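J.: One rule links them: number in the numbering used here = place in the sequence shown (from 1) + 7.
For every residue, glycine included, the Cβ atom is placed at its ideal position computed from N, Cα and C.
All of these numbers come straight from a predicted model, not from anything done at the bench.
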Amino acid sequence: MTGKIATYVLPDEEDVLAVDELTRSIVSGPADAVLDIQRLAPEFDAALWSTLSDSGLTLMSTPETSGGSGAGIVESATVVRVAAEHAVALPLAECDLLAAWLLTTAGRAVPAHPQSAGTGPVTVGPSYNGNRRVSGACDRVPWARDVESVVVLGETSDEESVVLSVPIAQATVLPGRNLAHEPRDRIVFDIEVPDDAVTPVPERTAAEWMYRGALARSVQLLGVLETALDLSVEHVTERSQFGRSLAKFQAVQILVADAAGEVAATSAACTAAVQRAAMHGFDSPATEFAIAVAKAQASRAATAVTRNAHQVHGAIGFTLDHRLRHFSLRARAWQSEFGDARYWEQQLGALALDSGGADPWAMLSSGIDG
8 MTGKIATYVL PDEEDVLAVD ELTRSIVSGP ADAVLDIQRL APEFDAALWS
58 TLSDSGLTLM STPETSGGSG AGIVESATVV RVAAEHAVAL PLAECDLLAA
108 WLLTTAGRAV PAHPQSAGTG PVTVGPSYNG NRRVSGACDR VPWARDVESV
158 VVLGETSDEE SVVLSVPIAQ ATVLPGRNLA HEPRDRIVFD IEVPDDAVTP
208 VPERTAAEWM YRGALARSVQ LLGVLETALD LSVEHVTERS QFGRSLAKFQ
258 AVQILVADAA GEVAATSAAC TAAVQRAAMH GFDSPATEFA IAVAKAQASR
308 AATAVTRNAH QVHGAIGFTL DHRLRHFSLR ARAWQSEFGD ARYWEQQLGA
358 LALDSGGADP WAMLSSGIDG
């Protein structure tokens, strides 16, 4: 960290609410219709992507000078959360918070087409007639098979970080998936590109990649856990057993209350993390601390909420024709992406030990300022 803290102004609440309502109005119909289809693997919704892109929602935090909407992290997180609430099968977080950010960091324009992002080792050949060969591979790239390009944050043999955009048509895609059956593909490439297509970026970029990804997954986890909780409340309210509503049973009440508590804690942690990122940027101790808390809490909550949700639903919650699986499977898949709970709790412990004599409990309970 540089110790140089950037300070920004949080957006107006009415503007954020407008983004929430616009996103919800666009995704609710197409996404909800897919939830009742009895298939395991979600399919990329090109029509929905086009509508979101035309509305400026796919590149919310990307500067206008780079081709984006010029909003901020709060607005982008709002789009990502609402999309997760509806189990939207699109790489919205990867496109805006990772791919577009990498291109902007490299001083490149951001295309409007669907793109994802990955990281891995690359080999950059010498320049010859203004071109050079670049080869490499990235594992578990979200939605690689469905996008037009993958923006790669590569590490060379000299431990230099570089950014390049790899057209999927010029790469080999080896299909993979996560627990929720979302695409997590390996891409392998060996391409010739202009010299200026490979851009060195600051060493800090690799660390920010991790924090950005963790923030994105935290917000997405909040979205799916909120819906899992809503489905559980609806189920126990409407279903009856032994002549009375399931919601009347104390054991069921405890399960739902525990889940609600975890969702509330996750919401508070995510709100704090998004606000810190919006106010101070990602190169800030306050932001790093808040994101670590958010991802640790969201990942822990994923286990508790999905367990309790399936317990109150009984066997029906596991069937292909029930909507719960779309949210519980995503929660279990996302909880380990960009660091699981244990990883981020270890980061918090390291921050406490390195606090320079400050009271560790005060830091862990109140966070870091600035």
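Taking only the alpha-carbon atoms, compute the straight-line gap between A266 and R115 and give it to the nearest angstrom.
T.: Going by the C-alpha atoms only, they are around 44 Å apart.
J.: From P133 to A223, what distance separates their C-alpha atoms?
T.: When rounded, the distance between both Cα atoms is 36 Å.
J.: Could you check the C-alpha separation between L186 and V170 for me, to the nearest Å?
T.: Rounded to whole angstroms, the gap between the alpha carbons of L186 and V170 is 29 Å.
J.: Going by DSSP, what residue range makes up the alpha helix (DSSP H) through E167?
T.: Taken as a continuous stretch (DSSP letters only), E167 belongs to no alpha helix (DSSP H), as it is neither H nor E.
J.: Taking the CB atoms as reference points, tell me whether A48 and H93 lie closer together than 8 Å.
T.: no
J.: Would you report the Cα separation of Q282 and A84, rounded to the nearest angstrom?
T.: 10 Å
J.: Closer than 8 Å by C-beta to L360: which residues in its own chain qualify, once you throw out the five before and the five after it? Chain order, please.
T.: Within its own chain, the residues whose Cβ lies closer than 8 Å to the Cβ of L360, once the five positions on either side in sequence are excluded, are P367, listed in chain order.
J.: Using DSSP with H/G/I as helix, E/B as strand and the rest coil, what is N136?
T.: coil
J.: Going by the beta-carbon positions, is the gap between L66 and S57 smaller than 8 Å?
T.: no
J.: Can you tell me where the beta strand (DSSP E) with S123 in it begins and where it stops?
T.: 122-131
J.: DSSP beta-bridge partners for T179?
T.: V195
J.: Run through DSSP, which three-state label would T30 get?
T.: Under the three-state reduction of DSSP output, T30 falls in the helix class.
J.: Just to confirm my understanding: we take A100, look at its own chain, exclude 5 residues before and 5 after, and list those with CB closer than 7 Å. What are they?
T.: Closer than 7 Å at Cβ, skipping near neighbours: V87, A223, Q227.
J.: Cβ of C102 versus every heavy atom of the ligand GDP: is any distance shorter than 7 Å?
T.: Annotation note on the ligand GDP: not contained in the displayed structure, which lists no ligands.
J.: Identify whether Q45 lies in helix, strand or coil by the three-state DSSP scheme.
T.: coil
J.: With DSSP collapsed to three states, give me the class of A113.
T.: Here A113 carries a coil assignment [DSSP, helix/strand/coil].
J.: Can you tell me where the alpha helix (DSSP H) with M286 in it begins and where it stops?
T.: 257-287
J.: Excluding five sequence neighbours on each side, which residues of the same chain lie with their C-beta closer than 8 Å to the C-beta of T7?
T.: What the structure shows of the chain is the stretch from 8 to 377, and residue 7 is not part of that stretch, so it cannot be assessed.
J.: What do you get for L59, buried or exposed, if any count of 16 or more other CB atoms within 10 angstroms of its CB means buried?
T.: buried
J.: Hey, could you find the ends of the alpha helix (DSSP H) W351 is sitting in?
T.: 348-360
J.: Helix, strand or coil for Q318 per DSSP?
T.: Of the three classes helix, strand and coil, the one that applies to Q318 here is helix, per DSSP.
J.: If we ignore side chains and look at the alpha-carbon of each, how far apart do H317 and E71 end up?
T.: 44 Å
J.: So, is Q304 buried or exposed, given that buried needs 16 or more other C-beta atoms within 10 angstroms?
T.: buried
J.: With DSSP as the reference, label R224 as helix, strand or coil.
T.: Residue state for R224 is assigned as helix, using DSSP reduced to three classes.
J.: Are the region 235-247 and the region 127-146 touching by the rule of at least three beta carbon pairs closer than 8 Å?
T.: no
J.: Report, in whole angstroms, the separation of the C-beta atoms of H188 and E155, which I expect to be a contact under 8 Å.
T.: A Cβ-Cβ separation of about 22 Å leaves H188 out of contact with E155 under the 8 Å criterion.
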